[in-house]
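As structure tokens, the structure follows; a few thoughts come after it.
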């Protein structure tokens with residue numbers, strides 16, 4: 301006869317079985333199929349059976365000018381937007397801590413993060429309008445010329461960076477602000493009594509204590525920027541030309557929007573996954589190494 305413990309295990313297995321099937325069907329199988337298709341030439345336009353081409357799709361990435369352009373713009377976003385968001389988030393968290401009306405400021409700062417990216421994209425596209433946009437109107441108040449925000453390569457890239465900073469600096473602020481609230485005030489007050497200045501207390505006590513949270517915010521934002529799609533889609537659609545093609549947006553154009561090239565889009569997706577995994581692991585190991593060296 302089956303034991304009571306064995307019956308419980310069987311019951312638990314059958315209870316999680318639907319979730320397991322759903323996970324395999326929606327995650328494991330599509331991922332395995334994407335890897336399989338990355339080694340095949342398969343376009344929905346040609347109506348032909350997938351043809352095995354080995355590493356040809358991966359080699360094509362290095363020959364594809366638009367793919368290189370999308371990598372360049374994604375790197376620009378990483379280098380320009382992420383550090384600015386981290387610095388602004390830290391600065392705003394320290395600035396509004398223990399100030400009059402702190403709750404009002406805190407709630408107001410979180411509004412950009414709560415706006416859906418699609419809605420934010422439509423709003424910013426109207427703000428960047430050359431003739432009637434409020435941004436150019438504001439510039440005209442200072443006798444500055446109108447800027448073609450969506451028609452110039454430099455300003456289109458700058459515009460996407462500004463939107464990303466506007467929307468996700470509150471996320472960094474929220475993480476750092478929560479960390480600051482968890483720091484015991486006794487430690488800071490004791491350092492001030494012992495003669496430390498406010499700057500030294502900030503530099504040698506508070507910043508080191510919230511450093512792991514800064515790394516967490518950095519890792520999350522790096523991963524998010526590598527996957528950025530919605531703002532590019534809604535505001536510039538990759539233009540002018542391919543100036544604001546993010547890597548994720550280019551995958552969308554190749555696989556869904558224009559190309560319908562499933563094999564090549566799968567190869568592009570695998571490369572993105574590898575880059576995100578390696579970069580995230582590198583940052584995590586760098587954080588652990590730093591903690592070990594500080595012990």
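Numbering (this note's numbering), first residue to last: 301 to 595.
Built from N, CA and C at the ideal position, the CB exists for glycine as well.
Cutoff 7 Å; reference residue i; Cβ partners in own chain excluding five residues on either side
{"i": "residue 569", "result": "334, 551"}
{"i": "residue 516", "result": "475"}
{"i": "residue 505", "result": "487, 488, 491"}
Span separating the alpha-carbon of residue i from that of residue j
{"i": "residue 541", "j": "residue 374", "result": "15 Å"}
{"i": "residue 364", "j": "residue 565", "result": "12 Å"}
{"i": "residue 397", "j": "residue 522", "result": "26 Å"}
{"i": "residue 309", "j": "residue 320", "result": "15 Å"}
{"i": "residue 519", "j": "residue 307", "result": "44 Å"}
{"i": "residue 301", "j": "residue 324", "result": "Any reading at residue 301 needs caution, since the residue's pLDDT is 48, under 50, leaving its predicted position unreliable; the model's value is listed next. Going from the Cα of residue 301 to the Cα of residue 324 covers about 33 Å."}
{"i": "residue 429", "j": "residue 444", "result": "16 Å"}
{"i": "residue 581", "j": "residue 514", "result": "16 Å"}
Close beta carbons around residue i, own chain, < 8 Å, minus the five adjacent residues each side
{"i": "residue 417", "result": "467, 530, 531, 534"}
{"i": "residue 456", "result": "449, 450, 536, 539, 540, 543, 544"}
{"i": "residue 572", "result": "526, 527, 547, 548, 551"}
{"i": "residue 583", "result": "515, 518, 519, 522"}
Segment limits, alpha helix (DSSP H) that includes residue i
{"i": "residue 244", "result": "Given that the chain is displayed from residue 301 to residue 595, the structure contains no residue 244 and the question cannot be resolved."}
{"i": "residue 375", "result": "365–396"}
{"i": "residue 437", "result": "434–440"}
{"i": "residue 339", "result": "No alpha helix (DSSP H) contains residue 339, which DSSP labels as neither H nor E."}
{"i": "residue 409", "result": "402–409"}
{"i": "residue 324", "result": "That residue, residue 324, is in no alpha helix (DSSP H); it is neither H nor E in DSSP."}
{"i": "residue 355", "result": "No alpha helix (DSSP H) contains residue 355, which DSSP labels as neither H nor E."}
8 Å contact criterion, which residue i and residue j should meet: CB distance rounded
{"i": "residue 384", "j": "residue 465", "result": "5 Å"}
{"i": "residue 392", "j": "residue 378", "result": "Going by Cβ atoms, the distance from residue 392 to residue 378 rounds to 21 Å, so no, they are not a contact pair."}
{"i": "residue 419", "j": "residue 427", "result": "Actually they do not touch by this definition, with Cβ atoms about 13 Å apart."}
{"i": "residue 424", "j": "residue 463", "result": "5 Å"}
Same chain only: Cβ atoms within 6 Å of residue i, ignoring 5 sequence neighbours per side
{"i": "residue 337", "result": "562, 563, 566"}
Scan the region 480–521 and note each continuous alpha helix (DSSP H) run of 4 residues or more that stays entirely inside, going in chain order. 485–493, 498–501
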